[in-house]
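Worksheet: one structure, shown below.
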Amino acid sequence: MGNIDIAWCPGCGNFAILKALKAALAELEIEPGRLVLVSGIGQAAKIPHYLRANVFNGLHGRGLPAATAIKAANPSLTVIAESGDGDMYGEGGNHLVHTIRRNPDITNIVHDNMVYGLTKGQASPTSRLGFKTPVQVAGVLLEPFNPLAVAIALNAGFVARAFSGDAEQTKEIIKRAVLHKGYALVDILQPCVSFNKLNTYQWFKENCYYLEEAHDASDRNEAFKRSTEEGKLPLGVFYLDPGRKSFEESTVAYREDKRPLYERDVDMERLGSLIEKFKGAF
Amino acid sequence: MCGNEALAEAAIIAGCDAYFGYPITPQNEITAYMSRRMAEEGRVFVQSESELAAINMVFGASATGKRAMTSSSSPGISLMQEGISYLAGAELPAVVVNVMRGGPGLGNIAPSQADYFQATRGGGHGDYRTIVFGPSTVQEVADCMQLAFDLADQYRMTAVVLADGFLGQMMEPVVLEKKPGRKLPPKDWALTGAKARPQNIVRSLWLPEGSLEELNHKLQAKYDRVQADEVVCEQYDTEDADVVVVAYGVAARIARSAVNKARHEGIRAGLIRPITLWPFPTEQISMAADELRIFLTVEMSNGQMVEDVKLAVNGKAPVLFHGRPGGGVPTVEEILERIRQLSIPRRVRTA
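Chains as they are written, first to last, in numbering that gives the first Met the number 0: chain F, 0 to 281; chain W, 0 to 350.
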């Protein structure tokens with residue numbers, strides 16, 4: 000991968016996330032050939048291009064439906080849908096809600112820098128109130144989108160937040176998310192050094208803290224409470240429910256036969272009886 | 000001023016009451032400019048959560064009788080097609096600016112003219128038309144904004160301003176002034192509160208048998224009036240031309256340089272430049288084809304407007320094509336070389 004020209008600004012939080020992702024995948028010993036990275040559009044959505052794995056770079060905001068379908072067609076793959084806050088929470092907000100409800104066994108990593116970087120600095124769904132940009136000249140007036148609270152409200156099985164400045168925790172959370180069976184959300188706070196002069200490395204260091212060891216991630220109400228805390232932003236695994244059935248487990252196609260669709264031969268007997276049935280119909 | 004800013008200011012001068020948009024390159028200057036200026040003017044500006052939201056916000060604002068617009072670039076405009084179809088069905092005015100970039104898919108951010116089909120054929124579902132402008136200078140981009148709002152209101156249609164990445168980004172001197180607008184019919188269909196009058200209903204659903212066919216006939220009659228009355232087209236050195244180049248937008252600027260150079264070499268070349276792409280200058284091109292000449296259509300695509308040129312010429316003359324797709328831009332030299340090749344038969348004949 001040495002000759003790939005990475006199109007991120009020097010100092011961008013994306014580099015640390017890329018490094019953490021690579022380390023997590025390496026430690027989990029996931030073969031590149033069995034991994035699909037799905038993304039949409041934005042600076043974060045370029046990340047699959049910088050890894051040696053299968054890449055699906057689709058439409059703006061539509062990564063999750065594609066990732067759901069990739070996993071449904073071949074459950075033996077590890078599927079990670081990874082993009083930015085504008086892509087996943089803005090343009091793709093509707094898909095986020097319904098993907099969580101559907102609960103496919105995919106990992107959803109969101110690079111959350113609270114700004115649109117690719118289009119040069121407009122407010123994103125997670126921009127803080129009052130954040131000024133060339134478009135939000137009077138500052139952001141909209142309540143910031145709270146991905147963790149939304150995911151917990153929808154009973155997502157794994158909900159976590161990391162900070163790109165803590166490489167070790169980011170890596171560990173990604174590992175746990177990938178191992179989780181069902182939909183897993185990892186919101187990763189990261190600075191945008193070019194277009195977000197408010198939420199800098201320093202700001203995140205001052206405004207984040209770690210959930211206590213004693214935090215009970217199985218307590219959904221407590222998790223919701225922590226996700227909606229005023230003030231500083233907690234980091235860590237907020238909520239964990241390993242018991243939910245994944246979409247692939249409950250879908251008819253895999254109830255009896257666990258093999259991915261591509262491994263199955265045509266059942267000539269069933270096909271024959273189907274043809275017979277239609278013969279009678281005409 | 001860059002084209003994006005000029006068209007934004009022109010929209011404000013034209014009385015745009017509400018602007019809705021979502022970030023996409025190469026038109027972010029419009030959104031940034033509008034966010035500042037609409038606030039200064041005390042008008043509505045919204046950065047939406049998606050292009051789907053933006054076009055539906057236009058739909059809503061337009062239903063209240065206010066002048067509403069959105070802008071985007073090719074992929075975002077694709078997302079808006081559903082809304083544009085519904086606007087047509089509900090007969091509501093709207094202005095949509097498309098600063099075209101290369102496609103299909105996410106493509107690139109280079110200038111392109113590959114959305115001609117999408118804009119002039121409707122793009123969304125159903126039997127409908129949009130009025131489409133293909134301006135070629137920053138001044139013309141600005142000038143067609145007022146006309147776009149006026150025609151949209153007059154015919155209760157969507158007017159599309161089809162610019163491209165070049166026009167949006169390039170800087171040129173521009174005169175921005177309020178021109179006398181058209182006399183427009185009252186918006187007695189608008190949702191302004193039903194006090195002392197029967198309710199107005201905005202809808203595009205027509206289920207009773209025959210009612211939708213009736214609506215479509217009514218729409219078609221309207222489109223026929225637009226086709227008859229609203230064509231805008233420039234003819235440049237076409238009178239005695241052996242080779243007539245047909246081009247719009249930035250491609251027409253390049254073509255004009257090629258035509259000038261050809262004239263300098265003694266080749267009789269001319270340019271027909273449609274400014275409204277729909278209604279298309281079918282009549283003008285058809286008349287030009289009555290003389291013995293060859294047509295060369297130049298586009299920044301693999302050939303879309305060339306189909307309209309062929310329909311207009313209707314077999315009376317050869318219609319050739321030169322294009323560059325995917326963000327490629329034809330050079331003056333490329334076009335000149337094609338003109339030279341095509342002018343040979345007449346030269347031989349007259350010799």
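Even for Gly, the Cβ is constructed at its ideal location relative to N, Cα and C. These figures come from a predicted structure and were not determined experimentally.
Can a CB atom of chain W be found closer than 8 Å to the CB of residue i?
i	result
residue 6 of chain F	no
residue 115 of chain F	yes
residue 125 of chain F	no
residue 122 of chain F	yes
residue 119 of chain F	yes
residue 133 of chain F	yes
residue 60 of chain F	yes
residue 90 of chain F	yes
residue 40 of chain F	yes
residue 54 of chain F	no
residue 137 of chain F	yes
Inspect the beta-carbon positions of residue i and residue j and report whether they are closer than 8 Å.
i	j	result
residue 19 of chain F	residue 170 of chain F	yes
residue 15 of chain W	residue 170 of chain W	no
residue 50 of chain W	residue 32 of chain W	no
residue 331 of chain W	residue 268 of chain W	no
residue 105 of chain F	residue 80 of chain F	yes
residue 319 of chain W	residue 294 of chain W	yes
residue 247 of chain W	residue 214 of chain W	no
residue 92 of chain F	residue 191 of chain F	no
residue 36 of chain W	residue 72 of chain W	no
residue 44 of chain W	residue 18 of chain W	yes
residue 198 of chain F	residue 87 of chain F	no
residue 300 of chain W	residue 111 of chain W	yes
residue 127 of chain W	residue 87 of chain W	yes
residue 98 of chain W	residue 25 of chain W	yes
Which one of the options has the shortest CA to CA distance from residue i?
i	options	result
residue 183 of chain F	F/234, F/95, F/138, F/52	F/95
residue 182 of chain W	W/154, W/211, W/67, W/244	W/154
residue 91 of chain W	W/77, W/199, W/144, W/151	W/151
residue 5 of chain F	F/23, F/31, F/29, F/42	F/42
residue 264 of chain W	W/206, W/226, W/343, W/43	W/343
residue 221 of chain F	F/238, F/139, F/8, F/186	F/238
residue 186 of chain F	F/247, F/10, F/16	F/16
residue 307 of chain W	W/137, W/284, W/231, W/103	W/284
According to DSSP, is residue i helix, strand or coil?
i	result
residue 97 of chain W	strand
residue 246 of chain F	helix
residue 117 of chain W	helix
residue 59 of chain W	helix
residue 19 of chain W	strand
residue 238 of chain W	coil
residue 260 of chain F	helix
residue 102 of chain F	coil
residue 248 of chain W	helix
residue 182 of chain F	coil
residue 16 of chain F	helix
residue 236 of chain F	strand
residue 170 of chain W	strand
residue 157 of chain W	strand
residue 36 of chain F	strand
residue 127 of chain W	coil
residue 68 of chain W	strand
With a threshold of 8 Å between beta-carbons, can residue i be considered close to chain F, or not?
i	result
residue 46 of chain W	yes
residue 69 of chain W	no
residue 54 of chain W	no
residue 146 of chain W	no
residue 27 of chain W	yes
residue 6 of chain W	no
residue 73 of chain W	no
residue 105 of chain W	yes
residue 42 of chain W	no
residue 100 of chain W	no
residue 38 of chain W	yes
residue 30 of chain W	yes
residue 111 of chain W	no
Interface residues of chain A around residue i at Cβ under 7 Å?
i	result
residue 23 of chain W	Among the protein chains of the structure shown, namely F and W, there is no chain A.
Using a Cβ-based criterion (distance less than 7 Å to any ligand heavy atom), does residue i qualify as near the ligand FAD?
i	result
residue 70 of chain F	Questions concerning the ligand FAD fall outside what the structure shown contains, since it holds no ligand whatsoever.
Legend entry - Contact between the region 155-170 of chain W and the region 264-281 of chain F (3+ Cβ pairs under 8 Å): no
Legend entry - Segment contact, 8 Å Cβ cut-off, at least three pairs: the region 175-182 of chain F with the region 123-136 of chain F: The way I'd put it, the region 175-182 of chain F doesn't touch the region 123-136 of chain F; fewer than three beta-carbon pairs between them come closer than 8 Å.
Inset, instruction - Determine, using beta-carbon pairs with one atom in the region 35-50 of chain F and one in the region 224-235 of chain F, whether at least three such pairs fall under 8 Å. - result: The region 35-50 of chain F vs the region 224-235 of chain F: no contact.
Inset, instruction - Check whether the region 67-87 of chain F touches the region 253-267 of chain F, counting contact only when three or more Cβ pairs, one atom from each stretch, lie closer than 8 Å. - result: yes
Inset, instruction - Inspect the CB distances between the region 136-148 of chain F and the region 50-70 of chain F and report whether three or more fall short of 8 Å. - result: no
Inset, instruction - Inspect the CB distances between the region 102-118 of chain W and the region 140-148 of chain W and report whether three or more fall short of 8 Å. - result: no
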